[in-house]
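Going by numbering that gives the first Met the number 0, the letters in the sequence shown line up with residues 0 to 357, in that order.
The C-beta atom is built at its ideal place from N, Cα and C for all residues, glycine as well.
These figures come from a predicted structure and were not determined experimentally.
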Amino acid sequence: MLKRLAKVEERYEELTRLMADPSVAQDYERVTQYAKERAELEDIVVAYRAYKETAEELEETKTLLTDDADPELRELAEAEVTRLQARMDELEARLRQLLLPKDPRDAKDVIVEIRAGAGGDEAGLFAADLYRMYTRYAERQGWKTELLSAHSTGIGGFKEVVFEVKGRGAFSRLKFESGVHRVQRVPITESSGRIHTSTATVAVLPEVDEVEIHVDPKDLEIEVYGSSGPGGQHMQKNATAVRIIHKPTGMVVACESERSQTQNKLRALSILRARLYERERRKQEAEVAEARRAQVGTGERSEKIRTYNFPQNRVTDHRIGLTLYRLPDVLDGDLDPFIEELAAREQAERLQVMGEAG
C-alpha cells in the first residue's frame, strides 16, 4: 500500500508543477484536466502526509522508552506512543478507504423502473407507494425527477412506472434499492381484515451515453401510437408516443411523457441503452466472479431485499438485518438509515476483497 501511496503523491506533485507551468496555463483544456485529476488525489495525499508525519513522530517518541529513562518521562512517552499508534491505525484505515477504486457509475443519473409483482391490485398500489417514496427521497436530496412512462391500474396504482432521477450521486445512493420489495397489509377491499402479502420489483439503472453502449439502428423496430398520458386528445391525434423493440434481445421500451415524437424516441433510446448496459454489466459480473453476485449492492432482482409491514409499523431490510418501526417516515422518503448502512457494508466488503488481493 505504501508504494501505491508514494506513486500517488509523486503524481500529485507532478500535476502541481504542470499547472504552474506558464505554457500549460494557456491551455484551458489541459489545465482543467490536470486540476480535476489533482483534486481527485488531494484527499489521499493529505492523509498520506499525515500518516508519514505521525510515523516519524512515533519513532522519535519510542527512542525515549529506554531502560535508563526517567520513570515520569517514560510514563509520558508510553502514553504518547499509545496515542500516536491509535492515530496511525485511523489514518491507515482512512487511506485504505481512499484507495478503493471508485465505481464509475456512482456519479451517473439514473432510470428507476418499478413493476407490480404478485398481489394483483394491491401490488399496483404498493408500486405507487414506492414511486412516491423515491420521489420524496429525491426531493430531500435536492435531485430532480421526471416521469418517463406509466401504466396505471385505474385505482391509483401502477402496473409499471419508469422515471428519471438527476442529481449528484444519484446512482451511488439509489443503487441499493434494486430488488424485490414486499408489503404486508390489509387491502382497502378486504372486508375480513385479513393481511395480504404483495410484491413489487425495483430496477435502478445508471444512464449511459451513446458512446458507452452502441445501439445499431438496424436492430430496432420503432412503433408510434397515440398517448394516453398528459396532453390528452392533442397527443392522440398526433401519435407522439413511441415504442421501441430491440430485436436481438426482445427488450421493449415505451415512452409517452414528452409532447413530440422525437423527444419520446430519444427518451426511449436512453432507457434502452441503460437496460442494455445493465444487462452486459450483469453478464460480465457473473463471468468474472460468481461468488460476488450475492454481495450487497449488486441488486439481484430475484432477491427479496425489504419488507414493509403496515400492522406492525415496521420496515425490515433483510440484507443488513436492520428494522425500523417508523414505516410512514420511510414511505415519506426517509431512506438514509438503510442506505447509509448498506453503503458502509459495501465498503467493508470491498476493503476485504482488496485486502485478500493485496
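Three-state secondary structure (DSSP) of M250:
Correct three-state label for M250: strand.
Run through the DSSP bridge pairs and tell me what V223 is partnered with.
V241, per the DSSP bridge assignment.
Using DSSP with H/G/I as helix, E/B as strand and the rest coil, what is A149?
Note: A149 maps to strand in three-state DSSP.
What do you get for I221, buried or exposed, if any count of 16 or more other CB atoms within 10 angstroms of its CB means buried?
Of the residues assessed, I221 falls on the exposed side of the cut-off, its CB having fewer than 16 other CB atoms within 10 angstroms.
Under the rule that 16 or more other beta-carbon atoms within 10 Å means buried, what is M0, buried or exposed?
Burial state of M0 is exposed, judged by a 10 Å Cβ sphere holding fewer than 16 other Cβ atoms.
Return the CA-CA distance between Q283 and H180, expressed in angstroms with no decimal places.
Cα-Cα distance, rounded: 26 Å.
Does the beta-carbon distance from E138 to F162 come in below 8 Å?
In this structure, F162 does not lie closer than 8 Å to E138 by Cβ.
Status (buried if at least 16 other CB within 10 Å, exposed otherwise) for I270
Its Cβ being crowded by 16 or more others within 10 Å, I270 is buried.
Measure the alpha-carbon distance for G175 versus S148 and round it to whole angstroms.
Rather than Gly, the amino acid found at residue 175 in this sequence is Phe. Note on geometry: alpha-carbon atoms of F175 and S148 lie some 22 Å from one another.
Which residue comes first and which comes last in the beta strand (DSSP E) that contains G178?
Note, G178: beta strand (DSSP E), 178-184.
Simplified DSSP assignment, three categories, for R16
Here R16 sits in helix by DSSP.
Mind checking whether K101 and F170 have CB atoms under 8 Å apart?
No, these two residues do not count as a Cβ contact at 8 Å.
Using a 10 Å radius around the Cβ and a threshold of 16 neighbouring Cβ atoms, would you call G153 buried or exposed?
The C-beta of G153 has fewer than 16 other C-beta atoms within 10 Å across all chains shown, which makes the residue exposed.
At what residues does the alpha helix (DSSP H) containing R86 begin and finish?
70-98 is the span of the alpha helix (DSSP H), which, as asked, contains R86.
Going by DSSP in three states, Y307 sits in which element: helix, strand or coil?
DSSP places Y307 in the strand class (E or B) of the three-state scheme.
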